[in-house]
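Here's the structure we're looking at; comments come further down.
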Amino acid sequence: MSMRFTWNAAKAESNLKKHKVSFETAARAFADPFALSEQDRIEGGEQRWQTLGLVEGHLLLLVAHTVAEEGDNDEYVEVIHIISARRAERTERKRYEEERR
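Structure representation (structure tokens):
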């Protein structure tokens with residue numbers, strides 16, 4: 089299944105100013121073969137997820153997002169809507185490193 093990324097342009101701009109992480113960079117965290125994704129909470133009837141993923145071999149990001157599937161027959165696309173992204177905190181980095189072992 090392939091992936092497609094979406095986001096709100098105003099939210100992406102706000103996130104870049106606040107966290108210094110672009111949503112384009114955040115989308116690359118999903119290419120990490122060791123990325124950790126877990127359900128976070130339900131908000132407004134939507135299941136929210138958090139993914140920890142490494143970008144460019146050194147930048148560990150926490151990406152908040154939703155996931156949906158689009159398509160029919162055997163041609164499905166996983167649509168990941170990015171809500172926010174930031175550098176991982178120390179405890180998140182430790183969890184990521186422990187899971188990689």
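Under this note's numbering, the residue at position 46 of the sequence shown is numbered 134, and the numbers go up by one with no gaps.
Cβ coordinates follow ideal geometry from the N, Cα and C atoms, glycine included.
Considering only the beta carbon of each residue, do Glu187 and Leu124 sit closer than 7 Å?
yes
Where does Glu94 land, buried or exposed, given buried means 16+ other C-beta within 10 angstroms?
A quick correction: the sequence has Thr, not Glu, at residue 94. That one is exposed.
Count the C-beta pairs between the segment 132-151 and the segment 164-177 that are closer than 8 Å, then say yes if the count reaches three, no if not.
yes
With H, G and I counted as helix, E and B as strand and the rest as coil, what does DSSP make of Ser110?
coil
Rounded Cβ spacing between Glu180 and Leu150 (contact assumed at less than 8 Å):
6 Å
Where Ala173 falls, given that 16 or more other Cβ within 10 Å makes a residue buried
buried
Mapping the DSSP letters down to three states, classify Arg189 as helix, strand or coil.
coil
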